[in-house]
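Quick notes on the structure that follows.
Residue numbers (the numbering used here), protein chains in the order written: chain A, 1 to 224; chain B, 1001 to 1217.
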């Protein structure tokens, strides 16, 4: 294959566009994820009330809401292909690494859209104190990439099992716990005006490690 | 056969010496003796995980189902030793800290391993077809290998722990009474021998199961 580099970039881009288009056509996944995130946010907010200055609780609850949104929506990108019987066709036109990376990019985008709605709503409903936007967005961004990296690969695996949706939460949770720990610590320190750098470093290191492992593992995802 | 009797005698003798002769550590008092079970179990939890991951990588590389048998057997035994370490640790924590569970970083780490092992085995149980099961669970295992250092090594270092550090400490040496150290090392070796014996049994069972399945067609 001549010029494999630009070819695979083109394939990545094509898969990302295809994902966005087929999502936009039905908006089924996005609506479900948004509704779920808002529902868990409502449950948290309704049960806990306005927490105001308890920023330790606020950071924990924020990331639990985001974790739930991840668990509810991230297997969708692959399960949709299997249920629509389109997986084989997709594999004919692109390599496993291109498919998985394309879906990873889509999942990052997807989570960002969910967060654009959920996070401001969370801050308002819970009566959170003002945030330091630069640091807060850095924690959110790195956390999102790590959440998506771990759950995309697990989603691709889960789509090939018998349980599919039911198993996804249990199996991805151990991989998401480091993200949860570091992201909660980072958000807490952001509100307490402490140094956020250690948590950010931890999140970035985990994201890089996950992405590197994923790129090595994507090629083993499908075979027959 | 001989070495199995040897292993039995080795562990029994160590247990007798540990309970009757070895002194108690001042602050730990009677709970000192949990050391001879708890730490070898925790050690084997990590050894089994490493063994399982090693064979998962080997499977992805060589595509030989024997590596998958090893990985699966080690995960099952790892879960067993992980439970032993968790329960003995919780009992010890009740005696020393006054509560069975308080999310000390060490408790968090072992709980995480427990989750990981059960998730791995749940994943295995949900996949049809030997090759596919071996391949996907190997992928999960390698991915877990990335997550483990973060929780086992990074998180406990980030938060203060009350857990005693008999093996790995900042001073880099072992502060133990010679007899305690002797019993402890003997138990560590004995448990490791026990693990590899159980492992070989489990692998043989898997191999026989596969052969029986083939014979049935």
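Glycine included, each C-beta is placed from N, C-alpha and C at the ideal position. Since we're looking at a predicted model, the values are computed, not measured.
Cβ contact check for the stretch 23-41 of chain A and the stretch 113-131 of chain A: 3 or more pairs under 8 Å
yes
For the alpha helix (DSSP H) that contains residue 117/A, what are its first and last residues?
For the purposes of this step, residue 117/A is identified with residue 117 of the first chain, where counting begins at 1. 96-125 is the span of the alpha helix (DSSP H), which, as asked, contains residue 117/A.
Cβ closer than 8 Å: which chain A residues qualify as neighbours of residue 1110/B?
Sequence index remark: in the second chain, residue 1110/B carries index 110 (1-based). The premise fails here: residue 1110/B is roughly 13 Å from chain A at the closest Cβ pair, so nothing lies under 8 Å.
Rounded to whole angstroms, what's the CA-CA distance from residue 12/A to residue 102/A? Just pull it up for me.
Residue mapping note: residue 12/A aligns to position 12 of the first chain, counting from 1. Residue mapping note: residue 102/A aligns to position 102 of the first chain, counting from 1. If you take the alpha carbons of residue 12/A and residue 102/A, they lie about 5 Å apart.
C-beta contact flag for residue 151/A and residue 175/A at 9 Å:
Residue 151/A sits at position 151 when you count from the first residue of the first chain. Residue 175/A sits at position 175 when you count from the first residue of the first chain. Yes, they are a contact pair.
DSSP three-state call for residue 1051/B: helix, strand or coil?
For this step, residue 1051/B is matched to residue 51 along the second chain. If DSSP states are grouped into helix, strand and coil, residue 1051/B belongs with the helices.
Just the chain B side, please: which residues come within less than 8 Å of residue 163/A by C-beta, in chain order?
The residue you call residue 163/A lines up with position 163 of the first chain. Here the neighbours are 1126.
Helix, strand or coil at residue 53/A according to DSSP, with G and I counted as helix:
Start at 1 with the first residue of the first chain, and residue 53/A comes out as number 53. Here residue 53/A sits in coil by DSSP.
What are the residues in the stretch 205-217 of chain A lying within 7 Å of chain B by C-beta distance?
206, 209, 210, 213, 217
Looking only at its chain, what residues have a beta carbon closer than 7 Å to the beta carbon of residue 1024/B, apart from the 5 residues adjacent to it on each side?
Reading the second chain from its first residue, position 24 is the one you call residue 1024/B. Counting only Cβ-Cβ distances below 7 Å, and skipping sequence neighbours, we find 1030, 1032.
Considering only the beta carbon of each residue, do residue 131/A and residue 125/A sit closer than 9 Å?
For the purposes of this step, residue 131/A is identified with residue 131 of the first chain, where counting begins at 1. For the purposes of this step, residue 125/A is identified with residue 125 of the first chain, where counting begins at 1. No.
Taking Cβ to Cβ, would you say residue 77/A is nearer than 9 Å to residue 155/A?
Residue 77/A sits at position 77 when you count from the first residue of the first chain. Residue 155/A sits at position 155 when you count from the first residue of the first chain. Taking 9 Å as the Cβ cut-off, residue 77/A and residue 155/A qualify as a contacting pair.
On the three-state DSSP scale, how would you describe residue 1100/B?
If you number the second chain from 1, residue 1100/B lands on position 100. Coil at residue 1100/B, not helix or strand.
Which of the three DSSP states, helix, strand or coil, is assigned to residue 1011/B?
Working through the second chain from its first residue, we reach residue 1011/B at position 11. Three-state DSSP puts residue 1011/B in a helix.
Spatial neighbours of residue 1060/B within its chain, please: C-beta separation below 8 Å, excluding the five flanking residues on both sides.
If you number the second chain from 1, residue 1060/B lands on position 60. Excluding residues within five positions, the ones whose Cβ falls inside 8 Å are 1135, 1138, 1139, 1142.
Is DSSP giving residue 227/A helix, strand or coil here?
Lying outside 1 to 224, the shown extent of chain A, residue 227/A is not represented and no answer is given.
Report the residue from 162/A, 109/A, 127/A whose alpha carbon sits nearest the alpha carbon of residue 140/A.
The residue given as residue 140/A occupies position 140 in the first chain. Here the closest residue by C-alpha is 109/A.
Proximal residues to residue 128/A (C-beta, below 6 Å), its chain only, five neighbours per side dropped:
As a working note, residue 128/A is residue 128 in the first chain. Within the same chain, residue 128/A has close Cβ partners 58.
Pick from 107/A, 87/A, 49/A that is closest to residue 245/A, judged by C-alpha positions
The requested residue 245/A is not part of the displayed model; chain A covers only 1 to 224.
Under 8 Å, CB to CB, which of the residues in the stretch 187-203 of chain A have a partner in chain B?
198, 202
Look up residue 1126/B in the DSSP assignment and say whether it is helix, strand or coil.
Residue 1126/B sits at position 126 when you count from the first residue of the second chain. If DSSP states are grouped into helix, strand and coil, residue 1126/B belongs with coil.
Supposed close pair residue 63/A, residue 144/A - CB separation, criterion 8 Å
Counting from 1 along the first chain, the entry for residue 63/A is found at position 63. Counting from 1 along the first chain, the entry for residue 144/A is found at position 144. Not really, about 11 Å apart at Cβ, beyond 8 Å.
Can you list, in chain order, the residues of its chain whose CB lies under 8 Å from that of residue 1110/B, leaving out five sequence neighbours each side?
If you number the second chain from 1, residue 1110/B lands on position 110. Contacts found: 1042, 1045, 1082, 1085, 1086, 1089.
Short-range partners of chain B found in the stretch 168-181 of chain A, where Cβ spacing is below 7 Å
170, 171, 173, 174, 175, 177, 178, 181
Where does residue 219/A land, buried or exposed, given buried means 16+ other C-beta within 10 angstroms?
Position 219 of the first chain, counting from 1, holds the residue named residue 219/A. With fewer than 16 Cβ atoms within 10 Å of its Cβ, residue 219/A is classed as exposed.
DSSP state of residue 1059/B mapped onto helix, strand, coil
Locating residue 1059/B in the second chain gives position 59, where the first residue counts as 1. Of the three classes helix, strand and coil, the one that applies to residue 1059/B here is helix, per DSSP.
Within 8 Å of chain A by C-beta, residues of the stretch 1046-1065 of chain B in sequence order
1060
Name the chain B residues whose beta carbon is nearer than 9 Å to that of residue 83/A?
In the first chain, counting from the first residue as 1, residue 83/A sits at position 83. Residues of chain B passing the Cβ test: none, with the nearest at roughly 16 Å.
Find out if the Cβ-Cβ distance for the pair residue 215/A, residue 94/A is shorter than 9 Å.
Mapped onto the first chain, residue 215/A falls at position 215. Mapped onto the first chain, residue 94/A falls at position 94. Contact: no.
Out of curiosity, what's the CA-to-CA distance linking residue 138/A and residue 68/A?
Locating residue 138/A in the first chain gives position 138, where the first residue counts as 1. Locating residue 68/A in the first chain gives position 68, where the first residue counts as 1. Near 20 Å, if we compare the C-alpha coordinates of residue 68/A and residue 138/A.
For residue 24/A and residue 89/A, the rounded distance between their alpha carbons
As a first step, residue 89/A must be located in the first chain, where it is residue number 89. As a first step, residue 24/A must be located in the first chain, where it is residue number 24. Roughly 20 Å separates the two Cα atoms.
How about residue 14/A and residue 87/A: do their beta carbons lie closer than 9 Å?
One-based indexing of the first chain puts residue 14/A at position 14. One-based indexing of the first chain puts residue 87/A at position 87. Cβ atoms of residue 14/A and residue 87/A: not closer than 9 Å.
If you run the structure through DSSP and keep just helix, strand and coil, what is residue 1002/B?
Taking the second chain and counting its residues from 1, the one referred to as residue 1002/B is at position 2. Helix.
Whole-number beta carbon distance between residue 1123/B and residue 55/A, since they are thought to touch under 8 Å
The sequence position of residue 55/A within the first chain is 55, counting from 1. The sequence position of residue 1123/B within the second chain is 123, counting from 1. Contact doesn't hold; Cβ gap of about 37 Å is too wide.
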